[in-house]
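Right, one structure below, let's go through it.
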Amino acid sequence: MITTLLQATPGGGGLMSFLPMILIVVVFYFFMIRPQMKKQKDHKKYIEELGVNSKIVTTAGIHGRIVEVSETTFLVDVGSGVKIRFDKSAVALDASKAANGETVKK
């Protein structure tokens with residue numbers, strides 16, 4: 009009985025056996041990788057557009073206004089004359105757009 013089961017398996021299913029794996033990779037790309045790449049691109053573009061007197065919110069939740077812009081950092085006034093230097097990557101995209109009154113695309 010075991011020998012008949014082994015003989016009954018198809019021997020030439022090359023592409024058909026890889027089709028489910030290919031479909032999983034395609035679905036993973038379109039639902040995970042591509043949206044993440046688009047979000048990173050949008051964040052980078054937004055950070056480049058920020059300038060002096062723009063309101064921002066950091067990923068830590070600190071609200072402030074940009075006082076100085078350098079190549080990789082912002083000097084942010086957080087109130088009462090307290091200024092903190094933040095890396096540009098610490099700016100939260102959606103929260104900062106909301107603080108500036110811009111519409112946030114989902």
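So the mapping is simple: my numbering equals the position in the sequence shown, first residue as 1, plus 8.
Idealized CB from N, CA, C, for every residue including glycine.
Taking the continuous alpha helix (DSSP H) assigned at L58, which residues delimit it?
Note, L58: premise wrong, no alpha helix (DSSP H); not H, not E.
Report yes if the C-beta distance between A107 and H71 is below 8 angstroms; otherwise report no.
Their beta carbons are under 8 angstroms apart, which means A107 touches H71 by this criterion.
Threshold first: 4 residues or longer. Then list the alpha helix (DSSP H) segments lying entirely within the segment 47-108, N to C.
Correct list: 101-107.
Would V6 be called buried (16 or more neighbouring beta carbons within 10 Å of its own) or exposed?
Any answer about residue 6 is impossible in this case: the structure gives the chain only from 9 up to 114.
Buried or exposed: where does F94 fall if 16 or more other Cβ atoms within 10 Å of its Cβ makes it buried?
Counting Cβ neighbours within 10 Å, F94 comes out buried, since at least 16 surround it.
Where does the unbroken alpha helix (DSSP H) through M40 begin, and where does it stop?
Neither: M40 is in no alpha helix (DSSP H) and is coded neither H nor E.
V60 and V77 look like a contact to me (Cβ under 8 angstroms); what is the Cβ gap, rounded to whole Å?
Going by Cβ atoms, the distance from V60 to V77 rounds to 6 angstroms, so yes, they are a contact pair.
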